Amino acid sequence: MRNLKERLDLCSINTATLGHREPLSRTIDRIASAGFGGIAPWRHEVEKANVAEIARQVKALDLTVTGYCRSTYLPAATHAQFVANVDESKAALRDAATLGARCFVMVVGGLPEGSRDLNGAREQVADGIAQLLETAREYGVPLALEPLHPMYAADRAVLNTLARALDICDALDPERSGFLGVAVDVYHCWWDPALQASISAAGLNDRILAYHVCDWLRETRDMLLDRGMMGDGVVDLAAVRENIERAGYEGLIEVEIFSKENWWRRDPDEVLCICSERLQTVC
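Going by full-length UniProt numbering, 142 is the number at position 142 of the sequence shown; the sequence numbering is gapless.
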């Protein structure tokens, strides 16, 4: 396992960790000044700015864009809305290419409003990914399927395990082209009894495109906005990374923390400082 001591160049900050409180250009400067090697911006930030200018800033600061967040939710109540959802993600892939992103993170979406058709939603997801895969190849940006914790199945993602994500990859990309893989986020998969086996399978097939860290607090107060800083919760982060790297992952370790009542209220430079310390000591 790689030693992260004094190796922040191997670490990335997802901009959500700082709460989206400042213009993206300022956030980029903070992350670079703190010594991190990578950044993962969100679409709403980039789309408020000028993607070409953001790309130039990132390149000038020698930052790696570890991922571009994220796809539009795919399942829809009507075919027209489904097509619109796919088209939005195709446009975002173009911006991901401009940014030089290593992957386009796909949070696939939950059930359409009023629907109870879980299998139908999952079929739409597979169909949408198949369509986006062609665009990903065109722009040279891989799709990273990010399974979310099952508590999000209704509203955010009907894709809930790494094993299922890998099944989709194998079905749609049997030749292992490098343009379809997974983003492993410990917040969503730490609980999975098949996690180690799934990580090994993902590595064997060169499917691991991104690795996200934070922690699961024992007494989580909000299922979306109360993630923990690494080391404050129950996840054995060092063990997960050991499995990830044993499986062949050599990319950056990306911090992604949603924390409305704690970390998003703190000074951004303080948050980055603590991220730095925890990455080097508990991850």
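Even glycine gets a Cβ: it sits at the ideal position worked out from N, Cα and C. Fair warning: this is a prediction, and the values are worked out from it, not measured in the lab.
*asked:* Can you check which of these residues, Arg-94, Met-106, Thr-98 and Ala-76, is closest to Pro-112 by C-alpha distance?
replied: Ala-76
*asked:* In whole angstroms, give me the CA-to-CA distance for Ala-171 and Glu-134.
replied: 14 Å
*When you compare only the Cα positions, how much space is there between Val-182 and Gly-203?*
10 Å
_For Arg-156 and Leu-145, believed in contact at Cβ under 8 Å, the rounded distance_ = Not a contact, Cβ separation roughly 13 Å.
*Look at the Cβ atom of Ser-89, then the Cβ atom of Phe-104, and state whether they are nearer than 9 Å.*
yes
*Taking only the alpha-carbon atoms, compute the straight-line gap between Asn-262 and Cys-273 and give it to the nearest angstrom.*
15 Å
*May I have the straight-line CA-CA distance separating Arg-229 from Thr-72, to the nearest angstrom?*
For clarity, residue 229 is Met in the given sequence; the question names Arg instead. If I take the Cα positions, the gap works out to 27 Å.
_In whole angstroms, give me the CA-to-CA distance for Gly-128 and Leu-99._
23 Å
*Within 10 angstroms of the Cβ of Gln-124, are there 16 or more other Cβ atoms? Answer buried if so, exposed if not.*
buried
_Extract the residue ranges of the beta strand (DSSP E) inside the stretch 105 to 151, only unbroken runs of 3 or more that lie entirely within it._
143 to 145
*Every unbroken alpha helix (DSSP H) within the stretch 38 to 112, with a cutoff of 4 residues, ordered by chain*: 43 to 48, 51 to 60 and 79 to 99
*Have a look at Gly-251, Asp-215, Asp-226 and Leu-225 and flag the residue whose alpha-carbon is nearest the alpha-carbon of Val-234.*
Asp-215
*Roughly how many angstroms separate the alpha carbons of Arg-7 and Leu-24, rounded to a whole number?*
24 Å
*Going by beta carbon distance, what residues of the same chain come within less than 7 Å of Leu-217, once the five residues before and after it are set aside?*
Asp-226, Gly-228, Asp-232 and Gly-233
*At which residues does the beta strand (DSSP E) containing Ser-12 begin and terminate?*
11 to 14
*Flag this pair as yes or no: are the beta carbons of Leu-93 and Phe-82 separated by less than 9 Å?*
no
_Simplified DSSP state of Leu-224, which is helix, strand or coil_ = coil
*To the nearest angstrom, how far is it from the Cα of Arg-278 to the Cα of Ile-28?*
20 Å
*Under the three-state reduction of DSSP, which class applies to Ile-257: helix, strand or coil?*
coil
*Taking the DSSP output, what are the residues bridged to Leu-211?*
According to the sequence provided, residue 211 is Tyr. The question's Leu does not apply to it. BP columns for Tyr-211 point to Val-184 and Ile-253.
*asked:* Assuming contact is defined by CB atoms lying nearer than 9 Å, are Ala-34 and Glu-256 in contact in what I supplied?
replied: no
*Measure from the alpha carbon of Arg-207 to the alpha carbon of each residue in Glu-250, Val-271 and Gln-57, then state which is nearest.*
Glu-250
*Coil, strand or helix - Ala-239 by DSSP*: helix
*Roughly how far, in whole angstroms, is the beta-carbon of Leu-166 from the beta-carbon of Ala-201, given that I think they are within contact range, below 8 Å?*
6 Å
_Between the alpha carbons of Gly-248 and Gly-37, how many angstroms are there, rounded?_
20 Å
*How many Å lie between Val-108 and Tyr-211 at the Cα?*
17 Å
_Collapsed DSSP secondary structure at Ala-157 in the structure displayed_ = strand
*What's the C-alpha gap between Ile-13 and Ala-32?*
10 Å
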